[in-house]
Every structure is written in structure tokens, then in C-alpha cells.
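K.L.:
The structure under discussion is supplied below as C-alpha cells; questions concerning it will follow.
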Amino acid sequence: MSQREFVESLIKAVVENPGAIEIEEETEGTSRTYFVHADPNDVGKIIGKSGRVVAAIRTVVSAVASKDKERAMVKVVTD
Amino acid sequence: MSQVLELTAKSVEEAKTQAAAKLSVSESEIEITVLEQVKGLFGKSSVRVRAEVMASAVAAEKPAAKPKATKAAKPAAKAKVEEPAEEAAPVVEAVVEAVAAAEEPKKARSGRGKKAADAPAPAAKSEEGEEGAPDVVASAADGEALLGLLKGMLDAGKLQVNAEVSEISGRYVNIKLDGKDVAYLVGKHGEVLNSLQYVLNISASRKIANGVRATLDGNDFRRRREDKLTQHAQRVADEVIKRGDEAVLEAMPAFDRRIVHKALMGYAGVATYSEGEEPNRRVVIAPAD
């Protein structure tokens with residue numbers, strides 16, 4: 008889905024190693040959850056200080072998802 | 039043109055819900071001004087607020103492509119169109135940029151009576167807390183590079199938006215968005231726009247790395263926001279003068295707070311300062327003494 012690519016492009020914009028980004032998608036009704044896997048060194052960059060970066064990404068992603076009357080969640084996977 | 043209502047409730051949220059019910063519009067259209075706040079223990083707090091329907095904000099959220107839904111529309115219709123925007127922009131996720139310059143007096147966080155705490159920094163529009171690069175001047179090529187980054191992010195979203203560089207001033211490249219889907223990218227109170235701008239600037243700091251920054255605007259949002267905040271600030275200031283009691287505005291990003299401080303700088307009878315922590319920092323308008 009294009010939605011997934013959109014999440015991917017936002018995430019890739021803030022990391023050092025875009026090649027390591029993998030995104031899994033889970034759909035439940037009209038809500039989607041994107042699980043972001045990244046280079047361990049980049050996880051902090053995606054999340055940002057006090058989660059500011061990931062919060063910004065979420066805001067943008069949910070706004071775009073709402074255009075299609077969907078909900079979208081972005082989760083950064085940390086091991 | 040706007041309906042106004044004063045009421046007392048346990049919390050601002052509750053007041054909003056009640057006001058929405060009474061004025062029969064959706065909660066997202068209600069603008070709450072806290073007139074009085076009593077903090078008590080064990081849920082005894084109460085807050086008295088003035089609620090009003092935001093006619094201009096409603097118009098701001100509607101893309102030009104939906105002329106039906108302008109402020110002339112019935113409240114019920116407005117509420118309906120408003121829905122997606124509301125989902126899109128949960129208030130708690132308001133992400134804003136701490137403006138280093140404007141936020142310098144943070145140490146004076148609860149410094150009551152501090153006049154116009156947020157100094158009018160020239161770059162308060164969208165800075166990433168980095169200082170020490172005041173001499174950076176963005177070139178047209180930087181503008182294109184920023185635009186490229188933005189388009190790279192937006193293209194995958196399949197949005198009908200067009201972005202172009204509208205102005206370059208100093209290290210700031212102003213990018214203007216327009217097109218059918220811009221309203222989604224502006225969001226409630228510009229939340230989405232600010233978030234997108236934040237992500238874009240992080241990207242710029244990693245990929246262009248010469249200190250140039252972008253400011254985003256869509257549907258002329260920034261200017262309208264300034265007008266609206268200025269008016270709102272003056273209205274509350276009059277109220278404060280009349281009542282002799284301070285008022286706490288809702289939490290807003292640094293550059294919005296700056297607009298409020300600026301609007302009331304020469305206003306006789308009131309003083310402004312900010313209190314609280316980002317992202318819940320609020321402007322307080324107090325009677326001058």
C-alpha cells in the first residue's frame with residue numbers, strides 16, 4: 008500500500024541508515040499499525056528526544072490516513 | 039458572529055464537552071479560554087471557562103475545495119466535516135519546536151510578572167534549537183534541495199498537493215503548499231503542518247547539513263493564525279483588565295506564544311508570561327500592577 012511507503016519515506020528522512028529500515032504492517036478493520044524495524048543506532052533518532060520525532064511522524068501519518076477515513080499507528084520496534 | 043458561553047466544570051476537558059453539547063457543535067470547534075482555575079486536592083479542582091465557537095478556525099480547516107463548509111454552514115454540518123481532522127490530530131501529540139531563542143527565559147519558568155518573557159527572536163518561526171549559525175544564508179539551490187526532501191516524503195502519500203518555494207529569507211526557506219489535500223497537512227491549529235515541518239527540518243539537518251531551515255505554509259495558514267491569535271489575545275486581555283484576574287491560555291507552540299506576547303506587548307494594563315513545560319507551556323495574561 009502506498010500508505011506504507013509514506014511511513015517509510017518519513018522514517019527514512021530522519022535516519023542515518025535508510026537501508027536497514029523495514030516496515031511491517033498489520034491491519035485490523037480500518038486501523039493499521041506499522042511496526043518499524045531499524046538499525047539499533049537509528050532507533051533513538053526515530054524516536055527523538057522525549058519521543059518528539061516519532062510523535063511528529065505519527066501526527067502526519069494519522070492526518071494522511073484520516074483522508075481515507077482510516078486510523079494509523081506507528082510503532083518503533085526495540086529489542 | 040461567534041457564540042460565547044461561560045461555564046464552570048471540573049476540568050477544561052469537561053468544560054469543553056459541556057460547551058460543545060450546549061452550543062451543539064463538535065468539541066474541536068470550541069475554543070476554551072480559562073478564566074479562573076481553582077486547583078484543589080482529590081478532584082476538587084474546578085475551572086471556569088469561556089467557550090466560544092471558532093468560526094475562523096473552522097474556515098481555516100476547510101480546504102478551498104469544500105466551499106460548502108465555510109463558516110456560513112450550519113453547526114451540524116461543520117461538525118461532520120470536522121471529524122476526520124480531529125482524528126488526525128490528537129491534541130496530546132502536538133509536536134512543536136522549542137525555539138531556542140524565544141525560549142531563553144525558560145529559567146524564569148515560573149517567574150511571575152516577567153514581562154513578555156519570550157523575547158521576540160527574529161527566527162521564532164521554526165527553529166530546531168540550534169544556535170550559532172546566524173550567518174547561514176540559504177541559496178536557491180538549498181531551497182530546491184529542501185523542496186526535494188519534502189516532495190520525497192510526500193510523494194509516497196499519494197496526496198494532491200503541490201509544494202513550491204515562495205520566499206527565501208536568511209537561513210529560512212519558506213515553502214508553500216497548495217492543492218486539494220492541503221487541509222489534511224495543516225490540521226487542527228496547524229499541528230500537522232508543524233509536525234511535518236519538524237520532520238523536514240530534521241531531515242534537512244542530516245542530509246543538507248548547512249543550517250538552512252524550512253518553514254511550511256499551506257492555505258495561508260500562518261498569517262491567518264497570527265491574526266486570529268492576536269485578536270484572541272486582545273479579547274482575553276480586555277477580559278483580564280475588566281476582571282482583574284489572570285487568565286491562562288491553552289498550551290501552544292513557542293512561535294504561537296510569541297505571537298500572543300507580541301500582540302500584548304504594548305497593551306496597557308496587562309503583562310504576559312509563560313509557564314509550564316513544553317509541550318504544555320501556556321501563556322498567562324495577568325493584570326499589570
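Heads up: the protein sequence lines correspond to chains Z and C, in order.
Quick note: the first sequence uses my numbering, first residue 8, plus one each step.
Quick note: the second sequence uses my numbering, first residue 39, plus one each step.
Idealized CB from N, CA, C, for every residue including glycine.
Quick check on D265(C): buried or exposed, where buried means 16 or more other Cβ atoms within 10 Å of its Cβ?
P.N.:
Locating residue 265(C) in the second sequence gives position 227, where the first residue counts as 1. D265(C) should be labelled exposed.
K.L.:
Tell me the DSSP secondary structure of T59(C) in three-state form.
P.N.:
Against the second sequence, residue 59(C) aligns to sequence position 21. Per the sequence shown, residue 59(C) should be read as Ala rather than Thr. Here A59(C) sits in helix by DSSP.
K.L.:
Beta-carbon of S66(C) versus every beta-carbon of chain Z: anything under 7 angstroms?
P.N.:
To locate residue 66(C), count along the second sequence from 1; it is residue 28. With 7 angstroms as the cut-off, S66(C) does not count as an interface residue toward chain Z.
K.L.:
Below 8 angstroms on the Cβ atoms is my guess for V61(Z) versus T85(Z); work out the distance and round it to an integer in Å.
P.N.:
Position 54 of the first sequence, counted from the first residue, corresponds to residue 61(Z). Position 78 of the first sequence, counted from the first residue, corresponds to residue 85(Z). No, V61(Z) and T85(Z) are not in contact; Cβ-Cβ is about 11 angstroms, not under 8 angstroms.
K.L.:
May I have the straight-line CA-CA distance separating R213(C) from S204(C), to the nearest angstrom?
P.N.:
Here residue 213(C) refers to the residue found at position 175 when the second sequence is read from its first residue. Here residue 204(C) refers to the residue found at position 166 when the second sequence is read from its first residue. Here residue 213(C) is Ile; the residue named in the question, Arg, does not match the sequence. Those two C-alpha atoms are separated by around 6 angstroms.
K.L.:
Can you round the beta-carbon distance between L45(C) and A53(C) to whole angstroms, since I take them to be within the 8 angstroms contact cut?
P.N.:
By 1-based counting over the second sequence, the position of residue 45(C) is 7. By 1-based counting over the second sequence, the position of residue 53(C) is 15. At roughly 6 angstroms, the Cβ-Cβ gap stays under 8 angstroms, so L45(C) and A53(C) are in contact.
K.L.:
Counting only Cβ pairs nearer than 8 angstroms, list the residues of chain Z close to S241(C).
P.N.:
Reading the second sequence from its first residue, position 203 is the one you call residue 241(C). Residues of chain Z passing the Cβ test: A20 and V21.
K.L.:
By Cβ distance below 7 angstroms, which residues in the same chain neighbour V286(C) in space, the five residues on each side in sequence not counted?
P.N.:
The residue labelled residue 286(C) in the question sits at position 248 within the second sequence. Around V286(C): V72, Q75, R320 and V322.
K.L.:
Taking Cβ-Cβ distances shorter than 7 angstroms, what residues in chain Z pair up with E229(C)?
P.N.:
Here residue 229(C) is taken as the residue at index 191 of the second sequence, counted from 1. Residues of chain Z passing the Cβ test: T66.
K.L.:
How is T253(C) classed by DSSP in three states: helix, strand or coil?
P.N.:
Looking up residue 253(C) in the second sequence gives position 215. Strand.
K.L.:
Under 6 angstroms Cβ to Cβ from A89(C), same chain only, skipping five residues before and after it: list those, please.
P.N.:
By 1-based counting over the second sequence, the position of residue 89(C) is 51. Cβ neighbours of A89(C) beyond the five flanking positions: L43, A57, I68 and I70.
K.L.:
If you follow the alpha helix (DSSP H) that L17(Z) is part of, which residue opens it and which one closes it?
P.N.:
Reading the first sequence from its first residue, position 10 is the one you call residue 17(Z). Looking at the DSSP string, the run of the alpha helix (DSSP H) that includes L17(Z) is S9 to V21.
K.L.:
Applying the 10 Å Cβ sphere with the 16-neighbour rule, what's the burial state of N95(Z)?
P.N.:
The requested residue 95(Z) is not part of the displayed model; chain Z covers only 8 to 86.
K.L.:
So D330(C) packs on V250(C), CB below 8 angstroms; how close in whole Å?
P.N.:
The structure shown has nothing for residue 330(C), since chain C only spans 39 to 327.
K.L.:
With 7 angstroms set as the bound, which would you pick, yes or no: does the beta-carbon of M191(C) sit closer than that to a beta-carbon of chain Z?
P.N.:
The residue you call residue 191(C) lines up with position 153 of the second sequence. Answer yes: the Cβ-Cβ gap between M191(C) and chain Z drops below 7 angstroms somewhere.
K.L.:
In the DSSP assignment, what are the bridge partners of Y210(C)?
P.N.:
In the second sequence, the residue the question calls residue 210(C) occupies position 172. BP columns for Y210(C) point to S207(C) and R251(C).
K.L.:
Check each candidate in G217(C), M303(C), L187(C) and S233(C) and name the one with the smallest Cα separation from I246(C).
P.N.:
The residue labelled residue 246(C) in the question sits at position 208 within the second sequence. Considering only alpha carbons, the answer is L187(C).
K.L.:
What number of angstroms, rounded off, separates the C-alpha of V199(C) from the C-alpha of G282(C)?
P.N.:
The residue you call residue 199(C) lines up with position 161 of the second sequence. The residue you call residue 282(C) lines up with position 244 of the second sequence. Their backbone Cα atoms lie some 47 angstroms apart in a straight line.
K.L.:
Alpha carbon to alpha carbon, what distance is there between S49(C) and I206(C)?
P.N.:
Within the second sequence, the letter at position 168 stands for residue 206(C). Within the second sequence, the letter at position 11 stands for residue 49(C). I206(C) and S49(C): Cα-Cα distance of roughly 44 angstroms.
K.L.:
Would the beta-carbon of V83(Z) fall within 7 angstroms of that of I53(Z)?
P.N.:
Residue mapping note: residue 83(Z) aligns to position 76 of the first sequence, counting from 1. Residue mapping note: residue 53(Z) aligns to position 46 of the first sequence, counting from 1. The answer is yes: Cβ separation under 7 angstroms.
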